[in-house]
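Chemist:
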Amino acid sequence: MSEEVIRVKNLYKVYRVGEQKVRALNGVDFSVKRGEFCAIVGTSGSGKSTLLNMLAGLEKPTKG
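For what it's worth, our numbering labels the leading residue of the sequence shown as 62, then goes sequentially.
So this is what it looks like as structure tokens:
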């Protein structure tokens, strides 16, 4: 069985824009095992950069 090198469980990121809350990530779950490849794809504004910034430690999650 391959070792998990990345595991994300129940990850949330909420931004405030004025009085509104904007959910960039809403309960994201995934794992990547040693030797696997992973592609992050989605439309503009879907949270791809936010997710990668959190994995790199550049942003803190709201929850998860």
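Each residue gets a CB set at the ideal place from its N, CA and C atoms; glycine is no exception.
#1: Along the chain, which unbroken stretches of the alpha helix (DSSP H) at least 4 residues long are found entirely within the segment 68–93?
#2: What separation, rounded to the nearest whole angstrom, lies between the Cα atoms of SER118 and LYS82?
#3: Taking LEU112 and VAL89 to be in contact with their CB atoms under 8 Å, please state how far apart those CB atoms are, rounded to whole angstroms.
#4: Can you check which of these residues, LEU116, ILE67, TYR73 and ARG68, is closest to GLY125 by C-alpha distance?
#5: Please report the distance separating the alpha-carbon of GLU64 from that of GLU97.
Modeler: Judging by the given coordinates:
#1: none
#2: Residue 118 sits at position 57 when you count from the first residue of the sequence shown. Residue 82 sits at position 21 when you count from the first residue of the sequence shown. Reading off the sequence shown, one finds Gly at residue 118, where the question assumed Ser. Each residue's alpha carbon lies about 22 Å from the other.
#3: Along the sequence shown, one-based indexing puts residue 112 at 51. Along the sequence shown, one-based indexing puts residue 89 at 28. The Cβ separation is near 7 Å, so the contact holds.
#4: For the purposes of this step, residue 125 is taken as the residue at position 64 of the sequence shown. Cα-wise, what sits closest to GLY125 is TYR73.
#5: One-based indexing of the sequence shown puts residue 64 at position 3. One-based indexing of the sequence shown puts residue 97 at position 36. About 10 Å.
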